Amino acid sequence: MKEQEITKVVREGYAKIAQKGSSYFAPASSCCESSDLGEDITRRIGYTDEELKSVPEGANLGLGCGNPTALASLREGETVLDLGAGGGFDCFLAANKVGKKGKVIGVDMTPEMLDRARENARKGSFKNVDFRLGEIENLPVADDSVDVIISNCVINLSPDKTRVFQEAFRVLKPQGKLMVSDIVLMKELPNFIRDSLDAYVGCISGAMLKDHYVGAIRKAGFHEIKILDEKPFPAESSVNDPTLHRILESLNIPMEEVERNLRSVVSITVTAEKGKE
Numbered sequence: 000m001k002e003q004e005i006t007k008v009v010r011e012g013y014a015k016i017a018q019k020g021s022s023y024f025a026p027a028s029s030c031c032e033s034s035d036l037g038e039d040i041t042r043r044i045g046y047t048d049e050e051l052k053s054v055p056e057g058a059n060l061g062l063g064c065g066n067p068t069a070l071a072s073l074r075e076g077e078t079v080l081d082l083g084a085g086g087g088f089d090c091f092l093a094a095n096k097v098g099k100k101g102k103v104i105g106v107d108m109t110p111e112m113l114d115r116a117r118e119n120a121r122k123g124s125f126k127n128v129d130f131r132l133g134e135i136e137n138l139p140v141a142d143d144s145v146d147v148i149i150s151n152c153v154i155n156l157s158p159d160k161t162r163v164f165q166e167a168f169r170v171l172k173p174q175g176k177l178m179v180s181d182i183v184l185m186k187e188l189p190n191f192i193r194d195s196l197d198a199y200v201g202c203i204s205g206a207m208l209k210d211h212y213v214g215a216i217r218k219a220g221f222h223e224i225k226i227l228d229e230k231p232f233p234a235e236s237s238v239n240d241p242t243l244h245r246i247l248e249s250l251n252i253p254m255e256e257v258e259r260n261l262r263s264v265v266s267i268t269v270t271a272e273k274g275k276e
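As structure tokens, then:
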């Protein structure tokens, strides 16, 4: 798959999510059921009921695979950057932690997501959050200007992950911290999954091998790289997608084979630091 094609499909897929207001893999249902599903997913990956209640309704789309804000030890007055802000969920949680003296920047390449996030910020009266249109491979953020970078299940969607970590390193202040939850692979996926654009939008086929992912962070210049959490990716989330079902049926691939391969997909939370200059 070409990088431009991947970016186009991902942008279109997440524009639909922004308009629909639920996870890409949420089954067809009423808006209330979709909201309940999103909250259930979010609880399972480590968010508390208190955190869910502290953000505007509509900010949580059930798209994460971890809780980077809980592990980032954010402090009052810090500047935080969220790569792939979506509806603003993690941005608002971070904003509550850094307070009025702090600032949160959310970058997303999907205009529809930004519209949703900005409306959520208005509803929640968040004055210290700035949502910016941009690609995480080319961040609209100044050099050495951010204390902490967070990201939740987004970098796997980039066709150039090495570039993403280089950009993260550029915008972090000396001794700044990276805290990322993402999807990685324990072994390579077969071509029928790797070549599926729907599986790419669903955070599966674009994932890197775990060792390569950590290697890309190290190559960008980071040190003190640690994996704080690792858990199996819930295969039931992906195999319930009706679009993916149609693709698999057309290729005559048994669902059992898909489920077997998805066992090699895991979610991790990684932390890393930018050294002194």
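When the letters of the sequence shown are read in order and numbered with numbering that gives the first Met the number 0, they come out as residues 0 to 276.
Where is the CB? At the ideal position from N, CA and C, for every residue including glycine.
Since the structure is predicted, the reported quantities are computational estimates derived from the model, not experimental observations.
field: Asp-129 versus Gly-87 - alpha carbon distance
entry: Distance between the alpha carbons of Asp-129 and Gly-87 is about 10 Å.
task: With 7 Å as the threshold, decide whether the Cβ of Met-207 is near any Cβ in chain D.
output: Absent here is chain D; the protein component of the structure consists of one chain.
- prompt: Where does Asp-210 fall in DSSP's three states?
  reply: Note: Asp-210 maps to helix in three-state DSSP.
- prompt: Just curious, the alpha helix (DSSP H) that Glu-166 is in, first and last residue?
  reply: Counting along the chain, the alpha helix (DSSP H) containing Glu-166 begins and ends at 160–170.
- prompt: From Gly-289 to Lys-275, what distance separates their C-alpha atoms?
  reply: Not covered by the structure: residue 289. The range shown for the chain is 0 to 276.
- prompt: Are there 16 or more other CB atoms within 10 angstroms of the CB of Gln-72, so buried, or fewer, so exposed?
  reply: First, the amino acid is wrong: residue 72 is Ser here, not Gln. Burial check for Ser-72: the Cβ neighbour count within 10 Å stays below 16, so the residue is exposed.
- prompt: Is the region 169–183 touching the region 142–152 in the sense that three or more CB pairs, one from each, lie closer than 8 Å?
  reply: Contact holds: three or more Cβ-Cβ distances are below 8 Å.
message: Could you compute how far the alpha carbon of Asp-228 sits from the alpha carbon of Arg-217?
response: If you draw a straight line from the Cα of Asp-228 to the Cα of Arg-217, it comes to about 18 Å.
message: Could you give the first and the last residue of the continuous beta strand (DSSP E) run that contains Leu-103?
response: It is worth fixing the name first, because residue 103 is Val in this sequence and not Leu. Per DSSP, Val-103 belongs to the beta strand (DSSP E) from 102–107.
query: When you compare only the Cα positions, how much space is there between Ile-50 and Asp-81?
result: The displayed chain sequence assigns Glu, not Ile, to residue 50. Pairing Glu-50 with Asp-81, the inter-Cα distance amounts to about 17 Å.
- prompt: Is Ala-219 helix, strand or coil by DSSP?
  reply: Residue state, collapsed to three classes: coil.
query: Between the Cα of Ala-14 and the Cα atoms of Leu-92, Met-108, Ser-53, which residue gives the shortest distance?
result: When the alpha-carbon of Ala-14 is set against those of Leu-92, Met-108, Ser-53, the nearest one is in Met-108.
- prompt: Taking just the CA atoms, how far does Phe-164 sit from Lys-273?
  reply: Between Lys-273 and Phe-164, the C-alpha separation is close to 11 Å.
message: The alpha helix (DSSP H) that contains Val-97, what's its start and end?
response: Taken as a continuous stretch (DSSP letters only), the alpha helix (DSSP H) holding Val-97 covers 88–97.
field: C-beta contact flag for Cys-152 and Gly-63 at 7 Å
entry: Yes, these two residues count as a Cβ contact at 7 Å.
task: Might you give, ordered along the chain, the residues of its own chain that have their beta carbon closer than 7 Å to the beta carbon of Thr-6, omitting 5 neighbours on each side?
output: In chain order, Pro-158 place their CB closer than 7 Å to the CB of Thr-6, counting only its own chain and leaving out the 5 sequence neighbours on each side.
- prompt: Where does Ile-302 sit, in a helix, a strand or coil, going by DSSP?
  reply: In this structure the chain extends from 0 to 276, so residue 302 is not present and cannot be described.
message: Taking the alpha-carbon of Glu-2 as reference, which of Lys-230, Arg-162, Val-106 has the nearest alpha-carbon?
response: Residue Arg-162 is the option with its Cα nearest to Glu-2.
query: Just how far apart, CA to CA, sit Asn-260 and Lys-186?
result: Roughly 9 Å separates the two Cα atoms.
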